[in-house]
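Here the sequence shown stands for residues 15 to 564, numbered as in our numbering.
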Amino acid sequence: MKKIAILFSICFSVSATAQQNASFPASLMITPEKSNFEKTSSYADVMQFLNTIKTMSPLIHVGSIGKSTMGKDIPFAVLANPAISSPEQAKQSGKPVVYIQGNIHAGEVEGKEISMMLMRDILLGNLSELLSKQIIVFVPIYNTDGNDQFAKGLRPSQENSPLETGIRENGQGLDLNRDGMKMETPETKAMVANILNAWDPQMVVDLHTTNGTWHGYDLTWAPGYLSAGEPGPYHYTNSTILPFITDQVKKKNDLLFGPFGDFSTREGWPIKNFYTYNHHPRYIINQIGLRNRMSILSESFAHERFYQRMNSTYQFVKEILTFCNNNAAEIIQINQQAEKNAIENVRNNAGLVSKGVRFKMVPTLEGIRNFRTYDYIPFKKEDGSTSIVKTGRITHLDKVNYYADFKDTVNAVLPRGYIIPAAMDSIVQHLKLMGVKVEKLEKKTEFKGEEFMIEKFTKATRKFEGHQMASAEGKFIPKNFTAEKGDFMVDLAQPLANLIFYALEPQSDDGLLTWNFFDHYLNTNGISTQPVAYPVFKFFSTITTTKKKR
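Following this line, the structure appears as C-alpha cells:
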C-alpha cells in the first residue's frame with residue numbers, strides 16, 4: 015500500500031505539472047518546441063515571446079539595456095513579486111538580484127531558449143515560488159546581431175542539432191566574451207552600465223555550450239575564477255553552491271554534471287590533465303569576482319542533442335535559482351563582507367601588502383576523482399605508426415589533474431589610489447563606464463608613492479580581438495609626486511577596488527595597458543628607444559605640510 019501511495023503521488027505531481035503547462039497558449043511556444051528541436055529562435059521570435067508574455071502577467075517588466083552594433087534593442091526582462099521596474103525599487107526591496115545571460119555566443123543557443131522557458135514557468139507555471147526572496151533579470155539574447163546569421167555547419171560539434179545556428183561574434187566581428195576590460199562593443203557597454211552597475215546582481219550566470227571536448231558529462235560548470243579578488247564569493251560558489259547543485263540534479267533528474275574543462279589526446283591516453291578556461295577578467299564571468307559578487311559559467315555538452323542540452327541547462331539554471339532563493343540572505347551577506355574587506359584592505363594596508371597581477375594556471379590539490387569520459391582505443395595506421403580513435407563507450411579514470419587554480423607570478427603593492435593626468439580623460443571615462451568613482455583635483459596636491467619606469471614594452475605580432483596585446487617590464491621607484499589642479503584621483507577605498515587595481519596596474523596581464531590604452535602615450539614619448547614612466551602614478555598617502563607658528 016505504501017508503494018502504491020508513493021506511485022500515485024508521483025503520477026499526480028506529473029499530471030498536475032502537465033495540466034499547468036498545457037494551459038500555455040500557442041503564442042508562448044518557443045521555436046524549438048514548434049520545430050521538433052530542429053530550429054532555434056530568431057531575434058523576432060524572442061521579441062514576440064517577450065511582447066506576448068508581458069501581457070499575461072503583472073510580474074514581468076520588459077525593456078532594453080541598449081542597442082547592438084546593428085541597431086537592435088537588446089531586451090531584458092525583470093521578474094519580481096511584487097512587480098518592479100527599476101534598480102531603485104530592487105534595492106528598496108532588500109532582495110538579491112540574480113542575472114541570467116544567454117546567447118553571448120549566438121551559436122550556443124540553449125541559454126536563449128531556456129530563459130524563455132523559465133520565464134514562462136515562473137510567471138504562469140509551477141515555479142512562482144522562485145520569486146519569493148529574489149529578483150530575476152534575464153537577458154535571453156545578448157548577442158542580437160550574431161543570432162540571426164543563420165547557417166549550417168557553424169557548430170559541427172553540436173551534431174547538426176539544431177540544423178542552423180548563428181555565429182559566435184557580434185556585429186563588429188568581436189567576441190563579446192573577451193570584451194570585459196576593453197569594453198569596445200555597444201553590447202558590453204550596455205550590459206555593464208545597465209545591468210552590472212544599475213541592478214548590481216548578487217549572482218551572475220552566463221550560459222554557453224562547449225566547443226567539442228568528449229568528456230562524459232551532461233553539463234559542465236565553473237565559478238568565476240579567483241585572481242586579485244576577494245576569496246569569499248569564489249569559495250562559497252565553488253565549494254558550496256556548485257557541489258550542492260550537482261548533487262541535486264543527479265538525485266532529481268539523473269543528470270551528471272561536473273567541472274568545466276578541455277583535454278587533449280596529444281598528451282597521451284588515458285588523459286592525465288583537464289584544463290579549465292583562463293582567469294582573465296576580459297571574461298565577464300571572472301570580472302564579477304573583482305566586483306565582489308558571485309558568478310557561474312554553464313557549458314552544456316555539445317555532443318548531446320539539442321533537446322538534451324536544453325534540458326540540462328534548464329535544470330541547472332532552475333537549481334541555481336532555487337538555491338539563490340533559499341539562501342538569499344547568506345549570499346548578500348557574503349558579498350557585502352567581500353566588498354567591506356576590499357575597502358578595509360585599502361584603508362588599512364595601502365603600501366604594506368601586495369596582490370597578484372599576473373597568474374599561471376596550476377592543478378588543484380584534489381584533482382578530479384572518477385573522471386567520466388568517452389574511451390579511446392589504439393590502432394595501427396598504414397605507415398605502421400600507432401594512433402587512437404574515440405569509441406562510443408564511457409569510461410571512468412581514477413583521477414585526473416584538474417588545472418583550475420591560479421597562482422600569482424607577478425605581484426604589485428596595493429596603493430591607496432592612483433593619479434591620472436588631466437590629458438588622459440579617455441582613461442577616466444573608461445573607468446567611469448566600469449562604475450569607478452573618480453575625483454578631479456581642485457588644487458595642486460603632493461602624494462607619496464611609486465612611479466613605474468617601463469624599461470621594456472612589447473606587443474604581440476598577431477592580433478587578438480583586433481588588438482596587439484601589450485606587456486610592460488620595468489621597476490617601481492619610490493617617489494613624491496605633485497599632481498596638478500585638474501588631474502584625476504582614484505581613491506581605491508571603494509567597492510570596485512580590486513577591479514581598478516587589475517585595470518590600472520602596468521604589469522597586469524589583463525589591464526588597460528595590455529589592451530593598448532597607453533600605446534599612443536608611450537610611442538609619443540619614445541618607448542622604442544628609452545625608458546618611459548608609466549603615466550598613472552600610484553600613491554600610498556597624501557603629503558600634508560603644516561606652517562610653522564610665528
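Idealized CB from N, CA, C, for every residue including glycine.
Quick caveat, the model's predicted, so the values are computed rather than measured.
Short Cβ contact (8 Å threshold) for residue i with residue j
i, j, result
"F12", "I433", "Missing from the structure shown is residue 12; the chain here goes from 15 to 564 and no further."
"M467", "K499", "no"
"Y516", "D505", "no"
"S219", "V331", "Just to set this straight, residue 219 is Val in the shown sequence, not Ser. Yes, they are a contact pair."
"S175", "F315", "no"
"G125", "Q301", "no"
"V92", "I149", "yes"
"P215", "V151", "yes"
"Y239", "I348", "no"
"F288", "F385", "yes"
"N306", "E380", "no"
"L269", "S312", "no"
"K462", "S555", "yes"
"G365", "A242", "no"
"L447", "M197", "yes"
"M503", "L428", "no"
"S253", "D159", "no"
"F274", "T290", "yes"
DSSP state of residue i mapped onto helix, strand, coil
i, result
"S555", "strand"
"N35", "Note that N35 has pLDDT 49, beneath the 50 cutoff, so the model's placement of it is unreliable and no number is given."
"T251", "helix"
"V546", "strand"
"Q115", "strand"
"G243", "coil"
"R280", "helix"
"R192", "helix"
"P96", "coil"
"D261", "helix"
"Y297", "coil"
"F22", "Unreliable placement is indicated for F22, whose pLDDT of 39 sits below 50; the coordinate value is still reported in the next sentence. If DSSP states are grouped into helix, strand and coil, F22 belongs with the helices."
"P273", "strand"
"E14", "The requested residue 14 does not occur in the structure, where the chain is confined to residues 15 to 564."
"Y156", "coil"
"L335", "helix"
"R383", "strand"
"P105", "Looking at the sequence itself, residue 105 is Lys, so the reference to Pro does not match. The answer is helix: DSSP assigns K105 an H, G or I state."
"V424", "strand"
"D214", "coil"
"P170", "helix"
"H317", "coil"
"I149", "strand"
Endpoints, the alpha helix (DSSP H) within which residue i is located
i, result
"Q351", "342-363"
"G125", "124-138"
"D232", "That residue, D232, is in no alpha helix (DSSP H); it is neither H nor E in DSSP."
"M197", "It is not in any alpha helix (DSSP H) - M197 carries neither H nor E in the DSSP assignment."
"Y565", "In the structure displayed, the chain extends from 15 to 564; residue 565 sits before or after that span and is not available."
Pick from the options that is closest to residue i, judged by C-alpha positions
i, options, result
"M324", "E201, K394, P89, K53", "K53"
"I299", "L335, R192, K196", "R192"
"S41", "N50, S82, M70, Y57", "M70"
"H481", "T528, L447, M217, I209", "T528"
"S485", "K470, L177, D159, S399", "K470"
"L445", "I514, Y416, I491", "I514"
"F164", "Q172, P170, V153, L177", "L177"
"T641", "W283, T336, Y248, L304", "The requested residue 641 is not part of the displayed model; the chain covers only 15 to 564."
"I118", "V546, G185, K264", "G185"
"M61", "I114, Y388, Q350, N161", "N161"
"I285", "G85, H294, Y416", "Y416"
"N208", "P89, V414, G180, S37", "P89"
"G12", "H222, N211, A212", "This structure does not reach residue 12, given that the chain is present from 15 up to 564, and the question cannot be answered."
"H317", "T260, T387, N292, Y291", "T387"
"T336", "L144, V360, I255", "L144"
Chain C within 8 Å of residue i, Cβ atoms only
i, result
"L73", "Among the protein chains of the structure shown there is no chain C, as only one such chain exists."
Extent of the continuous beta strand (DSSP E) to which residue i belongs
i, result
"A484", "484-497"
"A204", "Premise fails: A204 lies in the alpha helix (DSSP H), 200-205, not in any beta strand (DSSP E)."
"I67", "It is not in any beta strand (DSSP E) - I67 instead sits in the alpha helix (DSSP H) that spans 57-67."
"L311", "308-314"
"P377", "368-377"
"H75", "74-81"
"I468", "459-473"
Does the stretch 506-513 come within contact of the stretch 352-360, defined as at least 3 CB pairs closer than 8 Å? yes
Just checking, does the stretch 232-239 make contact with the stretch 386-395 on the three C-beta pairs under 8 Å criterion? Result no; under three Cβ-Cβ pairs closer than 8 Å.
Is there contact between the stretch 410-423 and the stretch 434-442, where contact requires at least three CB pairs shorter than 8 Å? no
Within the chosen definition, does the stretch 263-282 reach the stretch 198-207 through at least 3 CB pairs nearer than 8 Å? Judged by Cβ distances under 8 Å, the stretch 263-282 makes no contact with the stretch 198-207, as fewer than three pairs qualify.
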